[in-house]
Ligand code: HEC
């Protein structure tokens, strides 16, 4: 009788353990699936630097969309350009250097026959002043941090200021 009782208790113990495991397991999965939604991800990011980082990532992604639509035909998706026609955007001083000059090239276009990394390009770049300040800021932040480039981003304010000197 005693032995039977203790077996019964241990069975109850196993059942309780099992229930606990299921309960905890269920809870864990809930916690893991939550950040999959965009809102959950935003909520999971706490502190200023994290939200600044996600803003930067969003800007880069938006910049890539602008790039693919308006720049890639000439400068190519990988930023290598086309020899003798369209200069590369990888590792050029125009891209990673002075932001004002860079913003001006995109807004005004260029027909100077720029020398880029030792080669002169005969095509003309059309003006892209039809792009919004935000699109220009995003696309320039994108090219300054793609194709092996690492430079600080361009802000909407910086684009607005340069545009004001041109109009
Ligand atoms: C129709 C082709 C064409 C398009 C579209 C175009 N570019 Fe250009 N781009 C050129 C050419 C050609 C030059 C060189 C101009 C010159 O020699 O005066 C140039 C020069 C540049 C330069 C300076 C030189 C260098 O390679 O670093 C940058 C930066 C640049 N383009 C960025 C862009 C961005 C960003 C876009 C899209 C918003 C864009 N371009 C769209 C053809 C194009």
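Residue numbers (UniProt numbering): 1 to 167.
Idealized CB from N, CA, C, for every residue including glycine.
The nearest non-hydrogen atom of ligand 1 is 7 angstroms or more from the C-beta of residue 150. Boundaries of the alpha helix (DSSP H) around residue 141: 133-143. Summarising the contact set, residues whose Cβ lies nearer than 6 angstroms to any heavy atom of ligand 1 are, in chain order, 70, 71, 73, 74, 75, 86, 87, 88, 89, 92, 94, 95, 102, 105, 106, 110, 111, 112, 113, 114, 116, 121, 123, 124, 125, 126, 128, 139 and 143. DSSP, read as helix, strand or coil, puts residue 115 in strand. Taking each of 120, 125, 78 and 108 in turn and checking the Cα distance to residue 159, the smallest one comes out for 108. Within 10 angstroms of the beta-carbon of residue 165 lie fewer than 16 other beta-carbons, which makes it exposed. As DSSP reads the structure, residue 86 sits in a beta bridge with 82. Only residues of its own chain outside the window of five on either side were considered, and among them 109, 110 and 111 have a CB closer than 8 angstroms to the CB of residue 124, listed in chain order.
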